[in-house]
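Novice:
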Amino acid sequence: MSESEVAAREGEAFDLSPGSHFPDLELPDHTGRPRTLSEISGGDPVALITSRGWWCPKEQRYLRELCRVQDEFEVAYAKLVVVSVDAPEVQSAFRAGLGARFTFLSDHERRWLKRLPLCEGTDTLHDPYRPAAFTLFPDLTIHAAFNGYWYWGRATMEELRLEMREVTRAIRDDWEVPEE
Amino acid sequence: MTRRPFAYIRFDGKRLSADRSTPGRRLRIDARCLQGEPVEGAYAHVCALPDPDAALRYDEPEVQGVRRDALAWWIPMLGDDLICLSTFALDASRCGGAVTVATNPRHFDRDPFARLFPGTVVRTDLFSPVAPPPGPVVERYSGTPWPAGTFADGGPPGVTPARRRGSRPRAAAPERPTP
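Protein chains in written order, with this note's numbering: chain A, 1 to 180; chain B, 1 to 179.
Dropping the structure here:
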């Protein structure tokens with residue numbers, strides 16, 4: 001979706017409840033390259049995390065957890081994506097410090113934040129995304145949504161594992177071992 | 001994306017060629033690297049040997065590790081210099097090295113793939129820009145050279161669960177990796 005289309009649809013409410021489609025975000029990644037969410041999915045399930053930014057101690061803690069579970073994503077044909085309003089160069093430094101190998105998407109211009117019901121309106125200083133998690137089918141249909149405004153509302157690593165299991169089981173027709 | 005997510009390239013120790021009649025070792029690479037508009041005067045860092053016995057299994061920890069490093073710091077370090085990269089697959093399970101193609105060879109002495117096989121810098125007009133893999137997946141799709149391929153059957157990403165159910169597996173059985 002082009003920037004003009006984004007602007008034209010600004011104010012349109014997105015339904016981010018399970019069963020709805022998550023919009024195909026078009027944003028630069030942590031290296032500054034343009035990316036789309038569907039391209040990143042590439043036919044795999046996605047755990048999409050929205051994050052306040054590098055400065056939040058809760059994000060630092062939570063993203064370290066994601067770095068622990070990335071070892072499982074890397075062998076399990078599933079993608080892990082973090083979206084924040086940090087600029088790409090900030091995300092790149094944060095990502096390197098964490099030891100993350102997954103993709104960060106930068107909405108530093110807040111193009112999508114204006115349209116998604118994910119703005120943390122109580123933080124008027126940083127104007128960030130509120131912490132949330134969405135597990136997605138490859139076509140970006142939402143399987144589950146987690147509200148992480150309070151830290152304990154965030155998706156635990158075990159919940160992400162179970163979500164990836166359910167989505168993978170639904171989309172891989174060889175979930176049951178194929179007969180020879 | 002083509003139905004077959006890999007293409008063949010030949011390497012004789014000094015030169016790369018996509019010409020089938022050129023002598024040299026035949027290596028599978030991510031087909032996307034040869035599909036777009038080629039970048040003229042690029043530099044390829046070929047971490048491979050022409051010796052047909054120079055191979056490692058993709059499942060070896062060393063080969064897993066360099067893919068992790070590629071995602072963690074090699075691709076970010078290359079930044080805008082990067083044109084594309086691909087490992088070289090020999091068959092369903094063995095890796096013959098990798099190639100990183102860039103507009104500038106200044107970082108090639110830090111190439112993590114050189115831990116597998118020594119690197120050779122080759123001037124080339126063969127390769128076209130490909131978005132680097134998003135990570136964190138380092139496993140391969142149906143025996144293809146990482147990061148090629150997808151389980152989306154070559155079509156646009158985002159196959160609906162309803163469509164996927166009941167569809168036939170896309171990968172030829174002998175090339176299917178362990179899920």
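A virtual CB, placed ideally from N, CA and C, is assigned to each residue, including glycine.
For clarity, every value in this text was computed on a predicted model and none was experimentally measured.
Among residues of its own chain, excluding the 5 on either side of Asp79 of chain A, which ones have a beta-carbon nearer than 8 Å to its beta-carbon?
Specialist: For clarity, residue 79 of chain A is Lys in the given sequence; the question names Asp instead. Hits under 8 Å: Ile40, Ser41, Gly42, Asp44, Pro45, Val46, Ala47, Phe73, Phe102, Thr103.
Novice: Enumerate in chain order the residues of its own chain whose CB-to-CB distance from Ala18 of chain B is below 8 Å, with the five nearest sequence positions on each side excluded.
Specialist: Correct list, in chain order: Ala7, Tyr8, Ile9, Arg10, Leu34, Leu126.
Novice: Using a Cβ-Cβ cutoff of 8 Å, what residues of the region 34–45 of chain A are near chain B? List them in chain order.
Specialist: Answer in chain order: Arg35, Ser38, Glu39, Ile40, Ser41, Gly42, Gly43, Asp44.
Novice: Thinking just about the alpha-carbon of each residue, which of B:Trp74, B:Leu49, B:Pro133 is nearest to the one in Cys95 of chain B?
Specialist: Considering only alpha carbons, the answer is B:Leu49.
Novice: Quick one: list the residues of chain B neighbouring Leu160 of chain A, beta-carbon separation under 8 Å, in chain order.
Specialist: In chain order: nothing, as chain B lies at least about 13 Å away.
Novice: Would a C-beta distance cut-off of 8 Å place Ala31 of chain B and Ala131 of chain B closer than the cut-off?
Specialist: Not in contact: Ala31 of chain B and Ala131 of chain B (Cβ atoms no closer than 8 Å).
Novice: Between which residues of its own chain and Pro112 of chain B is the CB-CB distance below 7 Å, once the five residues before and five after are set aside?
Specialist: So the list reads Val66, Asp69, Ala70, Trp74, once near-sequence residues are dropped.
Novice: For Glu74 of chain A, return the contacting residues in chain B, with the cut-off set at a CB-CB distance below 9 Å.
Specialist: Chain B residues near Glu74 of chain A: Gln64, Arg67, Arg68, Leu71, Gly135, Pro136, Val137, Val138, Glu139.
Novice: Distance check for Tyr43 of chain B and Asn104 of chain B, CA to CA, integer angstroms please.
Specialist: Each residue's Cα considered, the two are about 6 Å apart.
Novice: At a Cβ cut of 8 Å, what residues of the region 74–98 of chain A count as close to chain B, listed as they run along the chain?
Specialist: From the region 74–98 of chain A, only Glu74, Val75, Ala76, Tyr77, Ala78, Lys79, Leu80, Val81, Ser92, Arg95, Ala96 have a Cβ closer than 8 Å to chain B.
Novice: Within 8 Å, do at least three Cβ pairs link the region 49–65 of chain A to the region 16–32 of chain A?
Specialist: No contact exists between the region 16–32 of chain A and the region 49–65 of chain A.
Novice: Helix or strand or just coil, what does DSSP make of Tyr77 of chain A?
Specialist: The answer is coil: DSSP assigns Tyr77 of chain A none of H, G, I, E or B.
Novice: Considering only the beta carbon of each residue, do Pro18 of chain A and His143 of chain A sit closer than 8 Å?
Specialist: Their beta carbons are under 8 Å apart, which means Pro18 of chain A touches His143 of chain A by this criterion.
Novice: Compare the C-beta of Thr100 of chain B against all C-beta atoms of chain A and say whether one is closer than 8 Å.
Specialist: Cβ-Cβ to chain A under 8 Å: no for Thr100 of chain B.
Novice: Residue ranges of each beta strand (DSSP E) run of no fewer than 3 residues wholly in the region 97–131 of chain B, ordered along the chain?
Specialist: With a minimum length of 3 residues, the continuous beta strand (DSSP E) runs that stay inside the region 97–131 of chain B are 119–124.
Novice: What does Phe102 of chain A touch in chain B if you count any residue whose Cβ is under 7 Å from its own?
Specialist: Residues of chain B passing the Cβ test: Gly135, Pro136.
Novice: Let me check understanding here. Comparing Cα to Cα, which of B:Ala152, B:Val122, B:Leu116 lies closest to Tyr58 of chain B?
Specialist: Checking every option, the nearest Cα to that of Tyr58 of chain B belongs to B:Leu116.
Novice: I need the DSSP call for Ser142 of chain B, collapsed to helix, strand or coil.
Specialist: Ser142 of chain B: coil per DSSP, three-state reduction.
Novice: For the region 8–73 of chain B, list the alpha helix (DSSP H) runs that are entirely contained and at least 4 residues long, ordered along the chain.
Specialist: Here the runs fully enclosed are 61–69.
Novice: What residue from A:Phe94, A:Lys114, A:Tyr129 has the CA that sits closest to Pro76 of chain B's CA?
Specialist: Comparing Cα positions, the closest option is A:Phe94.
Novice: Check the Cβ-Cβ distances between Ala114 of chain B and every residue of chain A, and say whether any is below 8 Å.
Specialist: With 8 Å as the cut-off, Ala114 of chain B does not count as an interface residue toward chain A.
Novice: Give the straight-line distance between the Cα atoms of Leu162 of chain A and Tyr77 of chain A, rounded to the nearest whole angstrom.
Specialist: If I take the Cα positions, the gap works out to 14 Å.
Novice: Where do the ends of the beta strand (DSSP E) carrying Glu26 of chain A lie?
Specialist: Element bounds for Glu26 of chain A: 26–28.
Novice: Excluding the five sequence neighbours on either side, which residues of its own chain have a C-beta within less than 6 Å of the C-beta of Thr22 of chain B, listed in chain order?
Specialist: Only Arg10 meet the Cβ criterion.
Novice: Which residue from A:Ala100, A:Gly53, A:Phe134 puts its Cα closest to that of Gly153 of chain A?
Specialist: Looking at the Cα atoms, A:Phe134 is the closest of the given residues.
Novice: Quick check on the burial criterion: 16 or more other C-beta atoms within 10 angstroms. Buried or exposed for Gly53 of chain A?
Specialist: Counting Cβ neighbours within 10 Å, Gly53 of chain A comes out buried, since at least 16 surround it.
Novice: Are the C-beta of His108 of chain A and some C-beta of chain B separated by less than 8 Å?
Specialist: Closer than 8 Å: no.
Novice: Just mark Ala55 of chain B as buried or exposed, buried being the case when its beta carbon has 16 or more other beta carbons within 10 Å.
Specialist: Buried, since its Cβ has 16 or more Cβ neighbours within 10 Å.
Novice: With respect to the beta strand (DSSP E) encompassing Leu136 of chain A, which residues constitute its N-terminal and C-terminal limits?
Specialist: 132–136 is the span of the beta strand (DSSP E), which, as asked, contains Leu136 of chain A.
Novice: Since Ala131 of chain B meets chain A, which of its residues come closer than 8 Å, beta carbon to beta carbon?
Specialist: Going along chain A in sequence order, the residues near Ala131 of chain B (Cβ under 8 Å) are Arg33, Arg35, Glu39.
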